[in-house]
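Novice: As you go down the protein sequences, you meet chains R and P in turn.
Our numbering applies: residue 109 is where the first sequence begins, and numbers increase by one.
Our numbering applies: residue 181 is where the second sequence begins, and numbers increase by one.
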Amino acid sequence: MRIRGPARRIAAHTAAAAAFTGQTAGVSIAALIDRTRCLDPRDRAGVLETLLPERHPVYSGRSTNETIRLRGYLLAAFEDAGLSNAAVPYVVEQLELGRDAYLVAAAAKAARGWPRPSPDWVPHLLKAVDNIALHDDAVTFECYEPRWPLPAPTTALIEIFRTFAWLGASARAAAPSLEALLQDCRRFHPSTRAEIERAIERIQHDTGPDGTACCGALAPGGLSAHARWRQRWRGAPGTSRIVFEDQNGELVPFADVCGGKPSIVVFFYTRCDNPNKCSLTIAQLARLQAAVRVSGLSGRIRTLAITYDPAYDLPPRLRCYGADRGVAFSGDDRFVRAVQGIAELNRFFMPGVNFGPLTVNQHRLDLFVLDRNGRITARYPRLQWSIERVVADAAAALHEPTSSARVRGGAARFGLSDPLWNGAVRVCATVALALVPKCPFCWSAYLTAAGLGTATLVAGSPTLRYFLLLVIVLDAIAISVRSISTGRIRLPALGLSTCGLAAVLAGFWWDAPPFLAVGALAVTAGALRAAPSR
Amino acid sequence: MSIAEYRRHLAEQLDRGAQDAFRPQHRSSAAADGQDNDAALREAVVARQRGSAGPARRAADVDDIVLDLSRQQDLIDVVIGIVRERVEPAPVRRAALAALRTISFRVAIFAAMRPAYLDALRAIVDDPDPELRLQAIETLAQEKDAYVQRRLVQGLRGHAEMLVSAEHAVEFLGYDVHAEHFPILRQLARESTIPAVKERAIQLLGSDPSSGPLLQTLFADKTQAVEVRTASAAALHALSPRHFAPIAARIAVDRDEDDRLRTASVSALDHFTESGSEDPDLLERIRLLQSTGSSELQATARRFVARRTK
Numbered sequence: 109m110r111i112r113g114p115a116r117r118i119a120a121h122t123a124a125a126a127a128f129t130g131q132t133a134g135v136s137i138a139a140l141i142d143r144t145r146c147l148d149p150r151d152r153a154g155v156l157e158t159l160l161p162e163r164h165p166v167y168s169g170r171s172t173n174e175t176i177r178l179r180g181y182l183l184a185a186f187e188d189a190g191l192s193n194a195a196v197p198y199v200v201e202q203l204e205l206g207r208d209a210y211l212v213a214a215a216a217k218a219a220r221g222w223p224r225p226s227p228d229w230v231p232h233l234l235k236a237v238d239n240i241a242l243h244d245d246a247v248t249f250e251c252y253e254p255r256w257p258l259p260a261p262t263t264a265l266i267e268i269f270r271t272f273a274w275l276g277a278s279a280r281a282a283a284p285s286l287e288a289l290l291q292d293c294r295r296f297h298p299s300t301r302a303e304i305e306r307a308i309e310r311i312q313h314d315t316g317p318d319g320t321a322c323c324g325a326l327a328p329g330g331l332s333a334h335a336r337w338r339q340r341w342r343g344a345p346g347t348s349r350i351v352f353e354d355q356n357g358e359l360v361p362f363a364d365v366c367g368g369k370p371s372i373v374v375f376f377y378t379r380c381d382n383p384n385k386c387s388l389t390i391a392q393l394a395r396l397q398a399a400v401r402v403s404g405l406s407g408r409i410r411t412l413a414i415t416y417d418p419a420y421d422l423p424p425r426l427r428c429y430g431a432d433r434g435v436a437f438s439g440d441d442r443f444v445r446a447v448q449g450i451a452e453l454n455r456f457f458m459p460g461v462n463f464g465p466l467t468v469n470q471h472r473l474d475l476f477v478l479d480r481n482g483r484i485t486a487r488y489p490r491l492q493w494s495i496e497r498v499v500a501d502a503a504a505a506l507h508e509p510t511s512s513a514r515v516r517g518g519a520a521r522f523g524l525s526d527p528l529w530n531g532a533v534r535v536c537a538t539v540a541l542a543l544v545p546k547c548p549f550c551w552s553a554y555l556t557a558a559g560l561g562t563a564t565l566v567a568g569s570p571t572l573r574y575f576l577l578l579v580i581v582l583d584a585i586a587i588s589v590r591s592i593s594t595g596r597i598r599l600p601a602l603g604l605s606t607c608g609l610a611a612v613l614a615g616f617w618w619d620a621p622p623f624l625a626v627g628a629l630a631v632t633a634g635a636l637r638a639a640p641s642r
Numbered sequence: 181m182s183i184a185e186y187r188r189h190l191a192e193q194l195d196r197g198a199q200d201a202f203r204p205q206h207r208s209s210a211a212a213d214g215q216d217n218d219a220a221l222r223e224a225v226v227a228r229q230r231g232s233a234g235p236a237r238r239a240a241d242v243d244d245i246v247l248d249l250s251r252q253q254d255l256i257d258v259v260i261g262i263v264r265e266r267v268e269p270a271p272v273r274r275a276a277l278a279a280l281r282t283i284s285f286r287v288a289i290f291a292a293m294r295p296a297y298l299d300a301l302r303a304i305v306d307d308p309d310p311e312l313r314l315q316a317i318e319t320l321a322q323e324k325d326a327y328v329q330r331r332l333v334q335g336l337r338g339h340a341e342m343l344v345s346a347e348h349a350v351e352f353l354g355y356d357v358h359a360e361h362f363p364i365l366r367q368l369a370r371e372s373t374i375p376a377v378k379e380r381a382i383q384l385l386g387s388d389p390s391s392g393p394l395l396q397t398l399f400a401d402k403t404q405a406v407e408v409r410t411a412s413a414a415a416l417h418a419l420s421p422r423h424f425a426p427i428a429a430r431i432a433v434d435r436d437e438d439d440r441l442r443t444a445s446v447s448a449l450d451h452f453t454e455s456g457s458e459d460p461d462l463l464e465r466i467r468l469l470q471s472t473g474s475s476e477l478q479a480t481a482r483r484f485v486a487r488r489t490k
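1) When you check each C-beta in the segment 277 to 310 of chain P against every C-beta of chain R, which residues fall closer than 8 angstroms?
2) How about R/V230 and R/S278: are their beta carbons less than 9 angstroms apart?
3) Drop a sphere of 10 angstroms on the beta-carbon of P/D243, count the other beta-carbons inside from all chains shown, and report buried for 16 or more, exposed for fewer.
4) So is R/P261 buried or exposed if we call it buried at 16+ other beta carbons inside 10 Å?
5) Would the beta-carbon of P/A414 fall within 9 angstroms of that of P/A448?
6) Give the residues from the segment 360 to 393 of chain P that approach chain R closer than 9 angstroms (Cβ to any Cβ), ordered along the chain.
7) Any beta-carbon of chain P closer than 9 angstroms to the one on R/P465?
8) Anything in chain P within Cβ reach of R/S226, meaning under 9 angstroms, just list it in chain order.
9) List the residues of chain P that R/D244 touches, going by C-beta distances under 7 angstroms, in chain order.
10) Check the C-beta distance from R/G430 over to R/Q355 and give it rounded, since I have them as a contact under 8 angstroms.
11) In chain order, what residues of the same chain have a beta carbon less than 6 angstroms from the beta carbon of P/S420, not counting five sequence neighbours either side?
12) Just checking: is the beta-carbon of R/R294 within a distance shorter than 9 angstroms of some beta-carbon in chain P?
13) How many Å lie between R/T606 and R/F623 at the Cα?
14) Between which residues of its own chain and R/Y420 is the CB-CB distance below 6 angstroms, once the five residues before and five after are set aside?
15) Kindly indicate which three-state DSSP category R/Y488 falls into: helix, strand or coil?
16) Three-state secondary structure (DSSP) at P/S420?
17) At which residue ranges does the segment 439 to 463 of chain R contain complete alpha helix (DSSP H) runs of 4 or more residues, listed in the order of the chain?
18) For R/D208, which of helix, strand or coil comes out of DSSP?
19) Quick check on DSSP: helix, strand or coil for P/L314?
20) Which residue marks the beginning of the alpha helix (DSSP H) containing P/R435, and which one marks its end?
21) What does the Cβ neighbour count give for P/S445, buried or exposed, with the cut at 16 atoms within 10 Å?
22) Under 7 angstroms Cβ to Cβ from P/H423, same chain only, skipping five residues before and after it: list those, please.
23) Mind checking R/I585: buried by the 16 CB within 10 Å criterion, or exposed?
24) R/S348: buried (16+ other C-beta within 10 angstroms of its C-beta) or exposed?
25) In chain order, what residues of the segment 385 to 398 of chain R put their CB closer than 9 angstroms to some CB of chain P?
26) Could you give the first and the last residue of the continuous beta strand (DSSP E) run that contains R/A471?
27) Please list the partners that P/R329 has in chain R, where partner means a Cβ-to-Cβ separation under 7 angstroms.
28) When the Cα atoms are used, what is the spatial distance from P/D401 to P/R370?
29) Out of R/L289, R/V589, R/P298, which has the shortest C-alpha to C-alpha gap to R/L234?
30) In the DSSP output, which residue or residues are listed as bridge partners for R/A413?
31) Assuming P/Q253 and P/A292 make a contact with CB atoms under 8 angstroms, what is their CB distance in whole Å?
32) Under a three-way DSSP split, which group does R/E253 fall into?
33) Helix, strand or coil, according to DSSP, for P/P235 in the structure here?
34) In whole angstroms, what is the alpha-carbon distance linking P/I283 and P/L298?
35) Leaving out five residues before and five after R/G647 in sequence, what residues of the same chain have Cβ atoms less than 6 angstroms from its Cβ?
36) Among all the DSSP beta bridges, which residues are the ones paired with R/D474?
In structure tokens form, the structure reads like this:
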């Protein structure tokens, strides 16, 4: 099927964006962003989204300033293109944490690309005012590489207050805060004060809806539903090659720092120049350690801070950075740099970071909660996290059976809620066990079916699962041998057993309980079919 | 007193009197009404800057009001305007820029003016006055400004006119560790014929892990100037002590090497605690240096030996 007209243009632009690398000239990338103006606004955002993830190769090898310029130019383009759901977290992140005027101004402009004003933007915009007040700058988005003097520069604060004006009635909650800002006549430049006054006037005189009704709401849960989420995240396997060096110079494998107990893992680097990111993250980590102690969980939960910059953040630097921010080091609380298996570490956590020739050029905040097996059970990306919530997640991983998180993760992946799934398994397995024939030959099948369904609820039972897998494999072999030895090759029995075995193996490999259950039932059915008839 | 001397004396008195008349006009009413005083000051500065006073007088006026600037945003706006206007006399603009740089540390009031200030600085990075240009670029470089970094790199690469000397350009780029202009710095370290530029570029490469091989080569290269090799030694020592030590040990005991370089090598090894500097053979060979070479080399060798034979 040939792609024609607009669809072909969209496909071409998207493919071009995906193909950008760190060697692509910045002006070429900006030119693509500009060219998307010829697309339908509904399609333009989709092309721009392609370039948003921090890990996109386009940012690899670039300096921090160049990365900032690219991302700012990209974000600002959403004002005209329309801000999509996928882009919202990036915008909120800049408003909440950003200290660069170009990026914050771009984020404020991007917010105006949202389909309709929403009061959800208000707290983020007010936070941005505090963040940027001492770091504002004259910027322009008229072209990618402007040359001074600028004909009509803007500033981050001006763009923020223009967004307040755009919100109109939706920003009524912000009116007292905006009026308070005007009390200090020296705090803002006269041009900025004029924008604040315009915003207040617009808010007070806008007779439109205030955005709290259903048609004004961004999504169930509001804007925060897009940006602040606690994910059930399945990290990729393959951590055996990862070796860390901690703040004392001790070499420790991944399993020793992330296994045996639930762990809380954050990423940082000492050369981060945004105090709202790494420095605050580590300070928060120190407070989280205190919360762990207060909760009586000391020695049962680990904390771990991994540097993005292992070549520079040597042990003495790690130790000083943590100590300066109140972190208490111990066998369960370490700062580490990866000395081996960096690629595996990257694949396991997939942190939102990219690198210039020397060091990090951009990164988002990332916090992970790992269970006792070192598997990721929750992730807090992009925004500062709640200490209480993180500790609760780690405590939940502490009290759950070892593999139960895996079950929940798999269940979640298949869209099944945890309590419902677990209850259904138990009820069905019990009923089935009561109803099916009880010949001894079938008991092995029953054992594996029931065992696979309930073994995950037994604490400390990873070995039991492998034992049960072995039993079901032997069971399927036994069925086959019996069929052949009796001269009556019962194809249905063989087929059921073979398919069931395949399903069980698939369930183990992809950690999918439904496959396990179906496979166990199929093997059981095969066993019943293979049973001698009288 | 001759007539010429009398005329000169009179002119000086008139000038002094005018200045005194300017200052008391505002200081005398300060106690009575601060707002009136500020308004009068603002009016006087604006009027004076627009008036027919000479550049020296106007520059002196700006110097006088530096402390007052920190209280009044609109005065800061006036002074920023003076900096931007290329038709204004250079001495006045320089005084204005100096005043702004002074008060920029008073963040409470200056934060609101920061965008206009930076905007004005960027507007004059290619100003005809070299001193003004240098001050503006240095200030922006200290702010890690992307625009000025881009203009400096364009000049170093030959894509545009150099705004400042290559030495200054390299120094200013070094203010921002995240600027990562290491390719151009490596090129300058390899190819520049200006010693100061080469040395500064080498210093900055001390934070670039991928420049280790280049620094090792420069450090070991006897055809390079001593200053270049010394800078390479320092950078390599900061970057990778493990690679620095064997080269330094070789140089330290090589009689064909410059004594200054040998002294620097022995001194660095003296404070280097990685394995290699504790080599007994090296210790013996450096012991021999206690009686050969320059006095500095001998003294450094004696310290090295003394620390290891306690």
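Where a beta carbon is used, it is the ideal one built from N, C-alpha and C, also for glycine.
Specialist: Inspection of the coordinates gives the following:
1) Within the segment 277 to 310 of chain P, the residues whose Cβ lies closer than 8 angstroms to some Cβ of chain R are V287, A288, I289, A291, A292, M293, R294, P295, A296, L298, D299, R302, A303, V305, listed in chain order.
2) Indexing the first sequence from 1 puts residue 230 of chain R at position 122. Indexing the first sequence from 1 puts residue 278 of chain R at position 170. Yes.
3) Here residue 243 of chain P refers to the residue found at position 63 when the second sequence is read from its first residue. Taking all protein chains in view, the Cβ of P/D243 is surrounded by fewer than 16 other Cβ atoms within 10 Å, so the residue is classified as exposed.
4) One-based indexing of the first sequence puts residue 261 of chain R at position 153. That one is buried.
5) The count along the second sequence starts at 1 and reaches residue 414 of chain P at position 234. The count along the second sequence starts at 1 and reaches residue 448 of chain P at position 268. In this structure, P/A414 lies near P/A448, with their beta-carbon atoms less than 9 angstroms apart.
6) Near chain R, meaning a CB-to-CB distance below 9 angstroms, the residues of the segment 360 to 393 of chain P are E360, H361, F362, P363, S387, D388, P389, S390.
7) Counting from one through the first sequence, the residue named residue 465 of chain R turns up at place 357. R/P465 counts as touching chain P.
8) The residue labelled residue 226 of chain R in the question sits at position 118 within the first sequence. Within 9 angstroms of the CB of R/S226, no CB atom of chain P is found; the nearest one sits about 28 angstroms away.
9) On the first sequence, residue 244 of chain R is found 136 positions in, with the first residue counted as 1. Within chain P, the residues near R/D244 are R294, P295.
10) As a position in the first sequence, residue 430 of chain R is number 322, starting the count at 1. As a position in the first sequence, residue 355 of chain R is number 247, starting the count at 1. With a beta-carbon spacing of about 7 angstroms, R/G430 and R/Q355 fall inside the 8 angstroms limit used to define contacts.
11) Along the second sequence, one-based indexing puts residue 420 of chain P at 240. Counting only Cβ-Cβ distances below 6 angstroms, and skipping sequence neighbours, we find G392.
12) The residue you call residue 294 of chain R lines up with position 186 of the first sequence. It does: the Cβ of R/R294 has a partner Cβ on chain P nearer than 9 angstroms.
13) What you label residue 606 of chain R is simply residue 498 of the first sequence in a count that begins at 1. What you label residue 623 of chain R is simply residue 515 of the first sequence in a count that begins at 1. The alpha-carbon separation between R/T606 and R/F623 amounts to approximately 14 angstroms.
14) Counted from its first residue, the first sequence places residue 420 of chain R at position 312. Excluding residues up to 5 positions away in sequence, nothing lies with its Cβ nearer than 6 angstroms to the Cβ of R/Y420 in the same chain.
15) The count along the first sequence starts at 1 and reaches residue 488 of chain R at position 380. Residue state, collapsed to three classes: strand.
16) Here residue 420 of chain P refers to the residue found at position 240 of the second sequence. In the structure shown, the three-state DSSP call for P/S420 is coil.
17) Annotation note: the segment 439 to 463 of chain R contains the following uninterrupted alpha helix (DSSP H) runs of length 4 or greater, listed N- to C-terminal: 450 to 457.
18) Sequence index remark: in the first sequence, residue 208 of chain R carries index 100 (1-based). Residue state, collapsed to three classes: coil.
19) Mapped onto the second sequence, residue 314 of chain P falls at position 134. The answer is helix: DSSP assigns P/L314 an H, G or I state.
20) Translated into the one-based positions of the second sequence, residue 435 of chain P becomes position 255. Here P/R435 belongs to no alpha helix (DSSP H), and DSSP marks it neither H nor E.
21) Residue numbering aside, residue 445 of chain P sits at position 265 when the second sequence is read from its first letter. The residue is buried, with at least 16 neighbouring Cβ atoms inside 10 Å.
22) As a first step, residue 423 of chain P is located in the second sequence; it is residue number 243 there, counting from the start. Closer than 7 angstroms at Cβ, skipping near neighbours: G392, Q396, L416.
23) Here residue 585 of chain R refers to the residue found at position 477 of the first sequence. Label assigned to R/I585: exposed.
24) Residue mapping note: residue 348 of chain R aligns to position 240 of the first sequence, counting from 1. R/S348 sits exposed, since fewer than 16 C-beta atoms from the chains shown fall within 10 Å of its C-beta.
25) Result list empty, no residue passes.
26) Position 363 of the first sequence, counted from the first residue, corresponds to residue 471 of chain R. Residue identity check: residue 471 of chain R is His in the sequence provided, not Ala. Element bounds for R/H471: 468 to 471.
27) Working through the second sequence from its first residue, we reach residue 329 of chain P at position 149. Here residue 329 of chain P is Gln; the residue named in the question, Arg, does not match the sequence. What P/Q329 touches in chain R: N173.
28) One-based indexing of the second sequence puts residue 401 of chain P at position 221. One-based indexing of the second sequence puts residue 370 of chain P at position 190. In this structure, the CA atom of P/D401 is about 12 angstroms from the CA atom of P/R370.
29) As a first step, residue 234 of chain R is located in the first sequence; it is residue number 126 there, counting from the start. Answer by Cα proximity: R/L289.
30) By one-based count along the first sequence, residue 413 of chain R stands at place 305. Secondary-structure assignment with DSSP links R/A413 through a beta bridge to R/V374, R/F443.
31) One-based indexing of the second sequence puts residue 253 of chain P at position 73. One-based indexing of the second sequence puts residue 292 of chain P at position 112. Contact between P/Q253 and P/A292 holds: CB atoms are separated by about 6 angstroms, below the 8 angstroms threshold.
32) Reading the first sequence from its first residue, position 145 is the one you call residue 253 of chain R. DSSP, reduced to helix, strand and coil, places R/E253 outside both helices and strands of the structure shown, so it counts as coil.
33) Residue mapping note: residue 235 of chain P aligns to position 55 of the second sequence, counting from 1. DSSP places P/P235 within a helical segment (H, G or I) once states are collapsed to three.
34) As a first step, residue 283 of chain P is located in the second sequence; it is residue number 103 there, counting from the start. As a first step, residue 298 of chain P is located in the second sequence; it is residue number 118 there, counting from the start. One Cα belongs to P/I283, the other to P/L298, and the distance between them is close to 14 angstroms.
35) The first residue shown for chain R is 109 and the last is 642, placing residue 647 of chain R beyond what the model contains.
36) Position 366 of the first sequence holds residue 474 of chain R. Note: R/D474 sits in a beta bridge opposite R/P489.
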